[in-house]
Amino acid sequence: MKKIPLFFIVLVCMLAGQLKAADDFLPQSRWIGSEHSQSTPNTWLCFRKTIELPSVPGEMIANIAVDSKYWLWINGELVVFEGGLKRGPAPGATYYDRVDMAPYLKKGNNVIALLVWHFGKNGFSHVNSGTAALLFSARASGVTIVSDKNWQCSVYQAYQNTEAPFPNYRLSESNIRFDARKELAGWNQPPFEGKLGPAIEIGFPNEMPFGKLVPRPIPMWKDSGLREYPEVVKNETGDTIRCRLPYNCQITPYLHVKAPAGLKIGMLTDNYTGGSANNVRAEYITREGEQNYESFGWMNGHEMLYVIPAGVEVLGLKYRETGYNADIKGTFICDDAFFTELWKRSARTLYITMRDNYMDCPDRERAQWWGDEVNELGEAFYALDPRGWQLAVKGIYELMNWQRPDGIIASPVPSANWCKELPLQMLASVGWYGFYTQAFYSGDYSFVPHIYEGMKKYLHEVWEVDAQGFPIPRPGDWNWGDWG
Numbered sequence: 009m010k011k012i013p014l015f016f017i018v019l020v021c022m023l024a025g026q027l028k029a030a031d032d033f034l035p036q037s038r039w040i041g042s043e044h045s046q047s048t049p050n051t052w053l054c055f056r057k058t059i060e061l062p063s064v065p066g067e068m069i070a071n072i073a074v075d076s077k078y079w080l081w082i083n084g085e086l087v088v089f090e091g092g093l094k095r096g097p098a099p100g101a102t103y104y105d106r107v108d109m110a111p112y113l114k115k116g117n118n119v120i121a122l123l124v125w126h127f128g129k130n131g132f133s134h135v136n137s138g139t140a141a142l143l144f145s146a147r148a149s150g151v152t153i154v155s156d157k158n159w160q161c162s163v164y165q166a167y168q169n170t171e172a173p174f175p176n177y178r179l180s181e182s183n184i185r186f187d188a189r190k191e192l193a194g195w196n197q198p199p200f201e202g203k204l205g206p207a208i209e210i211g212f213p214n215e216m217p218f219g220k221l222v223p224r225p226i227p228m229w230k231d232s233g234l235r236e237y238p239e240v241v242k243n244e245t246g247d248t249i250r251c252r253l254p255y256n257c258q259i260t261p262y263l264h265v266k267a268p269a270g271l272k273i274g275m276l277t278d279n280y281t282g283g284s285a286n287n288v289r290a291e292y293i294t295r296e297g298e299q300n301y302e303s304f305g306w307m308n309g310h311e312m313l314y315v316i317p318a319g320v321e322v323l324g325l326k327y328r329e330t331g332y333n334a335d336i337k338g339t340f341i342c343d344d345a346f347f348t349e350l351w352k353r354s355a356r357t358l359y360i361t362m363r364d365n366y367m368d369c370p371d372r373e374r375a376q377w378w379g380d381e382v383n384e385l386g387e388a389f390y391a392l393d394p395r396g397w398q399l400a401v402k403g404i405y406e407l408m409n410w411q412r413p414d415g416i417i418a419s420p421v422p423s424a425n426w427c428k429e430l431p432l433q434m435l436a437s438v439g440w441y442g443f444y445t446q447a448f449y450s451g452d453y454s455f456v457p458h459i460y461e462g463m464k465k466y467l468h469e470v471w472e473v474d475a476q477g478f479p480i481p482r483p484g485d486w487n488w489g490d491w492g
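All the letters of the sequence shown, read from the start, carry residue numbers 9 to 492 under this note's numbering.
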């Protein structure tokens, strides 16, 4: 049987995953955590460090890596809302962010505080390192800041698991319960009367269990800030408040209530069972008096539902929309209102399936299936500004970095609990509809040399063609067309 000719390989070979260990982290920085929890799923850690600056630098880039997500405050001001990317740029590797701290610093004492959420389990778009930890490194003229045993760190006991039902196994995220009776009030603010525990040093940069450090290849998330819901509707029984959103979006819910201690408020969206499976939800256990809370695990839907027990007085409800930092720039208008509206909703559908990776859906799986991604990356050129194109490049790297030793590529990636070869989808991804489309429309062919060897192996050693030059069908792990 004929092999696929070399010129075809050159045509479709667009990108591969050659990773080099990053040198942005100072050698004295260490992965740090808490002695009381290193591997428990759904663990939340508070980190705190006070530094003294003789003057404010013009720029001070902080390099921040975690497993799995973080929120950063400097001098009490929220600087990063949900930093970090799900793990898996390659087997045994971790992404890190670069954040300029300088605009938030002042002369004298400065307080750096981070809340870290450790997923602690694998999913269809995340590979668990098995360790809850933070790595931090920053430098400016005459000043260095590194994560080490001199930081403070405690497990935040107010964050807990809910009872069943739990999110389905495809999701690495857990439901979030916050018991306000155990709140560490002011832990992330400059004046803090309490004290966190001592941090412990876990490991060195670029070493396991976190592996090589890879700079974040996509923008930090877009953040709307807290907003009023367009419409708030109470049901007839009065226990559920339905808050309508402007469209299907990725949001975190906020509440302001007055209540006695120990009552449970539930939060979920109308997409909670999207895809016929339980997705993520949140709970809040009240303390005595007036209080406010924002649940940091994002959900998506057209409506946010607050389940309010008797005895709770609702003073205000809001939401924060976050998502991939690109704008819908494309337009389509015709004399048929249906098709004009269809284009608008299609662009919104594309956007809702973007975050850490392109995904088949933002509720049940959040998984980077390449049968979906070949459609999404092509649509992005018509709908989004150029920042949106970067997500496909990230996905291409991940796809090829997870190539199996026998040359097979599979999806979803990154994944450690389910990953299969779907031959039709994978061949489409490396061909005209996938990698070639990305390169041709972006005009960026700089990644071609990096992909050559991986794609040569895939096309020459995995696929064969018949006498007419057509690929010979292969069963693979799962013969599911989907995309085509």
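C-beta: ideal position from N, C-alpha, C; glycine also. All figures in this text were calculated on a predicted structure; none of them were measured in a lab.
query = Are the CB atoms of Gly305 and Val288 nearer to each other than 8 Å?
reply = Contact annotation: Gly305 and Val288 have beta-carbon atoms nearer than 8 Å.
inquiry  = I need the DSSP call for Glu461, collapsed to helix, strand or coil.
reply    = Looking at Glu461 - three-state DSSP - the assignment turns out to be helix.
request  = Only counting runs of 4 or more residues, tell me where the alpha helix (DSSP H) segments fall wholly within the stretch 414-473, in order along the chain.
outcome  = 431-438, 445-450 and 456-465, all fully within the stretch 414-473.
task = Ignore the nearest five residues each way along the sequence and tell me which others in Pro268's own chain have a CB closer than 8 Å to its CB.
result = So the list reads Thr294, Glu296 and Gly319, once near-sequence residues are dropped.
task = Any chance you could list the beta strand (DSSP E) runs of at least 3 consecutive residues sitting entirely within the stretch 303-372, in chain order?
result = Scanning the stretch 303-372 from its first residue to its last, the whole beta strand (DSSP E) runs of 3-plus residues come out as 307-315 and 321-331.
ask   = Where DSSP assigns a beta bridge to Ile59, which residues make up the other side?
value = Paired residues: Asn118.
message = Please classify Lys129 as buried or exposed, where buried requires at least 16 other C-beta atoms within 10 Å of its C-beta.
response = With 16 or more other Cβ atoms within 10 Å, it is buried.
message = Within a Cβ cutoff of 7 Å, which residues of the same chain sit near Gly403, ignoring the five residues on either side of it in sequence?
response = Answer for Gly403: Asn365, Tyr366, Gln376 and Glu381, listed in chain order.
query = In this structure, does DSSP put Gly386 in helix, strand or coil?
reply = Helix, per DSSP.
inquiry  = Residues in the same chain with beta-carbon distance under 6 Å from Met68, minus the five sequence neighbours each way, listed in chain order, please.
reply    = Annotation for Met68: Met109, Ala110, Ala146 and Ala148 place their beta carbon closer than 6 Å to its own, counting only its chain and skipping 5 residues before and after.
ask   = Three-state secondary structure (DSSP) at Ile226?
value = Note: Ile226 maps to coil in three-state DSSP.
Residues of its chain near Gly96, where Cβ-Cβ distance is below 6 Å and the 5 sequence neighbours each way are ignored = Contacts found: Val135 and Pro422.
ask   = Assuming Thr170 and Asn117 make a contact with CB atoms under 8 Å, what is their CB distance in whole Å?
value = The pair is not a contact, with the Cβ atoms about 39 Å apart (cut-off 8 Å).
inquiry  = Only counting the same chain, and skipping five residues up and downstream in sequence, which positions put a Cβ closer than 7 Å to that of Leu93?
reply    = The residues are Tyr103, Arg224 and Asp364.
ask   = Of the choices Gln446, Val74, Pro35 and Gly415, whose alpha-carbon is the least far from that of Thr139?
value = The candidate whose alpha carbon is nearest that of Thr139 is Val74.
task = Look at the Cβ atom of Ser303, then the Cβ atom of Met275, and state whether they are nearer than 8 Å.
result = Cβ distance < 8 Å, so Ser303 and Met275 count as in contact.
message = Please give me, in chain order, every unbroken run of the alpha helix (DSSP H) with length at least 4 that falls completely inside the stretch 172-200.
response = Correct list: empty.
query = Name the DSSP beta bridge partners of Arg126, please?
reply = The displayed chain sequence assigns His, not Arg, to residue 126. Thr51.
message = Once the 5 residues before and after Leu14 are set aside, which same chain residues still bring their CB inside 7 Å of it?
response = Because Leu14 sits at a pLDDT of 36, beneath the cut-off of 50, its placement in the model cannot be relied upon, and the point is left open.
query = How close, in whole Å, do the beta carbons of Lys114 and Val64 come, if the pair is a contact with beta carbons under 8 Å?
reply = With a Cβ gap of about 6 Å, Lys114 and Val64 count as contacting.
task = Take Thr245 as the anchor and find which of Trp486, Lys220, Glu349 and Val315 has the nearest alpha-carbon.
result = Considering only alpha carbons, the answer is Val315.
query = Between the beta-carbon of Ile259 and the beta-carbon of Arg328, is there less than 8 Å?
reply = It is a contact, given that the beta carbons lie within the stated cut-off.
query = Leaving out five residues before and five after Glu181 in sequence, what residues of the same chain have Cβ atoms less than 7 Å from its Cβ?
reply = In chain order, Phe127, Pro175, Val288 and Gly305 place their CB closer than 7 Å to the CB of Glu181, counting only its own chain and leaving out the 5 sequence neighbours on each side.
key: contact_flag[the stretch 34-48, the stretch 152-164] where n(CB pairs < 8 Å) is 3 or more   = Because the criterion of three Cβ pairs below 8 Å is met, the stretch 34-48 and the stretch 152-164 touch.
key: Nearest-angstrom Cβ-Cβ length linking Lys208 and Ile40, presumed shorter than 8 Å   = For the sequence presented, residue 208 should be read as Ile rather than Lys. About 7 Å separates the CB atoms of Ile208 and Ile40; that is less than 8 Å, so the two are in contact.
request  = Tell me, to the nearest whole angstrom, how far the beta carbon of Met463 is from that of Trp378; I am working on the premise that it is less than 8 Å.
outcome  = Between Trp378 and Met463 the Cβ distance is about 14 Å, and since that is not below 8 Å, they are no contact.
inquiry  = Among the candidates Gly451, Asn487 and Ser437, whose CA atom is the shortest distance from the CA of Tyr466?
reply    = Checking every option, the nearest Cα to that of Tyr466 belongs to Ser437.
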